[in-house]
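Novice: Residue numbers (the numbering used here), protein chains in the order written: chain A, 1 to 328; chain B, 1001 to 1328.
Written out as structure tokens, the structure reads:
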């Protein structure tokens, strides 16, 4: 029997998780927990149960790792400590400023339960963090850049949908090519928010809504759009669904730094992702860390970890011998 | 007092190591060990000693981590096990096929001495291996590509210099743009050796040597050049020194893979390096792993490790709290 996985929350990320578990033969999806009526939730895995989230505690001895697929704003701050007392858990908590507090809460709970919890897993935070950290350790005298996109920002799409007269919308975050090229050349530019990314919006209006008014409201929205060069396209609902139905994303982490007795040599380290499906890729990262959580626990560890604290080999289904022979 | 570092071997890599130690305030270079007459070896660090390699054992209690800067063919197979009995050690052993045997030898010696040894550190093997491993764990259904260059291959440059009539030479390995672009698009091409890299040679002839004969001998050299599209330029010694005096290198590790219930979505993970100085960058990686070796040892660990076995946080001089607040 493989590592027994539970999924808590069955939105885009939860569905991606189900697919990721299927790709890993050493894992088995046991149950999906939902706030909806379980009878209304159809999942893809034949042998897995669909249960009410209130019944999760009853699965304490039947699930090894519970993957928490809720949101960072209101779900995970409560859920991750709660379930870390009962299961090994992995979450994708991504409110950067609140990570230290979340870490402390989850660490206390996981230690109380003798469980391993891994927080803030995915690609940013997650793989991008790893690459920032490795690159900083290797090139102490250098400068970091992170670019996001081209990809769909759910937060910005939601913000547009809240405007009166908007029926539906999709927003793409796009890195500015000139900025990216300058960073890649090691020119170490100082970049404003506007110089790093542009925002492109595809908007479906309610009947009778005023294009000019909506466009103005988008472009001047504080925090979300006012500091960016923003383009707005008005399209039909059909075009939105056909042409902008996916959830692609990606981005780049780049560090340039100097070495040599007098800093005479320059180096550029670049990590890039190009993702057709943000939630499915995020889920694939989380599933690898679920394996790590299970293995760390079998060695007697407990408490909260991040991607910084986990040796890479724990993520792989291969043995140390296989990894050294095939991938080193 | 910081981590006390010894450098064994003072060629390009050893000199890069000295520069890298200087960039890390928690480390201190104590001594450089050389096979040459120590009086003939001038180093840059004022307070460090220059000693005969035969006297290294006398430094057992004065050095924490001995960094082995010899070659993989004849130096490291003997040196790493020998010194792992006396010091924590890091090497850059890069003969991929012999890594399992080297690991076993070093592991036995390090355990006997109660020391931590980290082998095969640098960028390939090293950072490229890490990226192959992370990407494989995250996208189990995918395909790996490694491209090297544009950069100087010392082995190929040496091979040209051994040809009769050649006074000096420098060889660049260059990835083929079309192959790289196809991989980045996720087309998963099957690529022959010739389709992945080209080789460009800059050659200085002895007086009276025959250009045509040397060019023919280079282009038909088995293993080194015969399987590649090779360009040969004959230049003056002055031009070689002025225009081709550096040791740049770099390359790309790319994995493309599929996710989704039916593999309907595609993702591309790319890691790239662009290095002005191959030995200085390699040294910068090794110094970070020297810190990790020292820390693992202070937790009571011993034996042989690779980059796969070491949690990223051990590489950084920052605390866990700092890493979570600043880089996660």
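Beta carbons are placed, not taken as given, at the ideal position from N, Cα and C, and that holds for glycine.
Where does residue 1015 (chain B) land, buried or exposed, given buried means 16+ other C-beta within 10 angstroms?
Specialist: Numbered from its first residue, the second chain carries residue 1015 (chain B) at position 15. Residue 1015 (chain B) should be labelled buried.
Novice: Could you tell me the distance, in whole angstroms, from the CA atom of residue 295 (chain A) to the CA atom of residue 1288 (chain B)?
Specialist: Translated into the one-based positions of the first chain, residue 295 (chain A) becomes position 295. Translated into the one-based positions of the second chain, residue 1288 (chain B) becomes position 288. Approximately 26 Å, taken between the alpha carbons.
Novice: Ignoring anything shorter than 3 residues, give me the beta strand (DSSP E) runs that lie fully in the region 154-228 of chain A, in order along the chain.
Specialist: 166-175, 197-205
Novice: Terminal residues of the continuous beta strand (DSSP E) containing residue 102 (chain A)?
Specialist: As a working note, residue 102 (chain A) is residue 102 in the first chain. Counting along the chain, residue 102 (chain A) falls outside any beta strand (DSSP E), though it belongs to the alpha helix (DSSP H) covering 99-113.
Novice: By DSSP, does residue 79 (chain A) sit in helix, in strand, or in coil?
Specialist: The residue given as residue 79 (chain A) occupies position 79 in the first chain. In the structure shown, residue 79 (chain A) falls within a helical segment according to DSSP collapsed to helix, strand and coil.
Novice: What does the Cβ neighbour count give for residue 1164 (chain B), buried or exposed, with the cut at 16 atoms within 10 Å?
Specialist: Within the second chain, the letter at position 164 stands for residue 1164 (chain B). By the 10 Å Cβ count, residue 1164 (chain B) comes out exposed.
Novice: My assumption, with CB atoms under 8 Å, is that residue 72 (chain A) sits in contact with residue 286 (chain A). Please give the rounded CB distance.
Specialist: To locate residue 72 (chain A), count along the first chain from 1; it is residue 72. To locate residue 286 (chain A), count along the first chain from 1; it is residue 286. About 14 Å; that fails the 8 Å criterion.
Novice: Determine the closest residue to residue 60 (chain A) out of A:6, A:231, A:106, A:43, with distance taken between C-alpha atoms.
Specialist: Your numbering for residue 60 (chain A) matches position 60 in the first chain. When each option's Cα is compared against that of residue 60 (chain A), the closest is A:6.
Novice: Report the residue from A:293, A:23, A:261 whose alpha carbon sits nearest the alpha carbon of residue 1012 (chain B).
Specialist: Taking the second chain and counting its residues from 1, the one referred to as residue 1012 (chain B) is at position 12. Considering only alpha carbons, the answer is A:261.
Novice: Determine, using beta carbons only, whether residue 1080 (chain B) comes closer than 8 Å to chain A.
Specialist: Mapped onto the second chain, residue 1080 (chain B) falls at position 80. No, because no Cβ of chain A sits closer than 8 Å to the Cβ of residue 1080 (chain B).
Novice: Count the other C-beta atoms from every protein chain shown that fall within 10 angstroms of the C-beta of residue 1081 (chain B), then say buried if there are 16 or more, exposed otherwise.
Specialist: Locating residue 1081 (chain B) in the second chain gives position 81, counting from the first residue. Answer is buried; the Cβ neighbour count reaches 16.
Novice: Say whether chain B places a C-beta atom closer than 8 Å to the C-beta of residue 270 (chain A).
Specialist: Here residue 270 (chain A) corresponds to residue number 270 of the first chain, with the count starting at 1. For residue 270 (chain A), the answer is yes, since a Cβ of chain B falls inside 8 Å of its Cβ.
Novice: Establish whether the CB of residue 133 (chain A) and some CB of chain B are separated by less than 8 Å.
Specialist: Taking the first residue of the first chain as 1, we reach residue 133 (chain A) at position 133. Chain B contact via Cβ: present.
Novice: Which two residues bound the contiguous alpha helix (DSSP H) that contains residue 282 (chain A)?
Specialist: Looking up residue 282 (chain A) in the first chain gives position 282. Unbroken alpha helix (DSSP H) run through residue 282 (chain A): 278-298.
Novice: If I measure Cβ to Cβ from residue 33 (chain A) and keep anything under 6 Å in the same chain, skipping five residues before and after, which residues do I get?
Specialist: Locating residue 33 (chain A) in the first chain gives position 33, where the first residue counts as 1. Cβ neighbours of residue 33 (chain A) beyond the five flanking positions: 8, 51, 53, 56.
Novice: Give the secondary structure of residue 129 (chain A) by DSSP, where H, G and I count as helix, E and B as strand, and everything else as coil.
Specialist: For this step, residue 129 (chain A) is matched to residue 129 along the first chain. The answer is helix: DSSP assigns residue 129 (chain A) an H, G or I state.
Novice: Spatial neighbours of residue 160 (chain A) within its chain, please: C-beta separation below 7 Å, excluding the five flanking residues on both sides.
Specialist: The sequence position of residue 160 (chain A) within the first chain is 160, counting from 1. Cβ within range, chain order: 166, 169, 171, 201, 203, 218.
Novice: If the cut is a Cβ gap below 9 Å, which residues of chain A does residue 1261 (chain B) touch?
Specialist: Stepping through the second chain from its first residue, residue 1261 (chain B) is reached at position 261. For residue 1261 (chain B), the C-beta contacts it makes with chain A under 9 Å involve 15, 18, 19, 22, 44, in order along the chain.
Novice: Assign residue 1036 (chain B) to buried or exposed, taking buried as 16 or more other Cβ atoms, counted over all protein chains shown, within 10 Å of its Cβ.
Specialist: Mapped onto the second chain, residue 1036 (chain B) falls at position 36. Only exposed fits residue 1036 (chain B), as fewer than 16 other CB atoms lie within 10 angstroms of its CB.
Novice: In this structure, how does DSSP classify residue 318 (chain A) when only helix, strand and coil are distinguished?
Specialist: Counting from one through the first chain, the residue named residue 318 (chain A) turns up at place 318. If DSSP states are grouped into helix, strand and coil, residue 318 (chain A) belongs with coil.
Novice: Nearest to residue 1130 (chain B) by alpha carbon, out of B:1306, B:1318, B:1322?
Specialist: Reading the second chain from its first residue, position 130 is the one you call residue 1130 (chain B). When only C-alpha atoms are compared, the closest one is B:1306.
Novice: Kindly indicate which residue of B:1117, B:1113, B:1147 has the alpha-carbon position closest to the one of residue 1123 (chain B).
Specialist: For this step, residue 1123 (chain B) is matched to residue 123 along the second chain. The shortest Cα separation from residue 1123 (chain B) among B:1117, B:1113, B:1147 belongs to B:1147.
Novice: Since residue 1044 (chain B) contacts residue 1018 (chain B) with CB under 8 Å, what's their CB separation in whole angstroms?
Specialist: The sequence position of residue 1044 (chain B) within the second chain is 44, counting from 1. The sequence position of residue 1018 (chain B) within the second chain is 18, counting from 1. With 8 Å as the limit, residue 1044 (chain B) and residue 1018 (chain B) qualify as a contact, their Cβ atoms being about 6 Å apart.
Novice: Hey, does residue 255 (chain A) have any beta-carbon neighbour from chain B nearer than 8 Å?
Specialist: Here residue 255 (chain A) is taken as the residue at index 255 of the first chain, counted from 1. Chain B, which has no Cβ nearer than 8 Å to the Cβ of residue 255 (chain A), makes this no.
Novice: Between which two residues does the alpha helix (DSSP H) carrying residue 241 (chain A) extend?
Specialist: Taking the first chain and counting its residues from 1, the one referred to as residue 241 (chain A) is at position 241. Where residue 241 (chain A) is concerned, the enclosing alpha helix (DSSP H) starts and stops at 237-243.
Novice: Could you name the residues of chain B that residue 118 (chain A) contacts, counting a contact when the two beta carbons are closer than 9 Å?
Specialist: As a first step, residue 118 (chain A) must be located in the first chain, where it is residue number 118. Near residue 118 (chain A) there are no residues of chain B at all, since even the closest Cβ is about 12 Å away, more than 9 Å.
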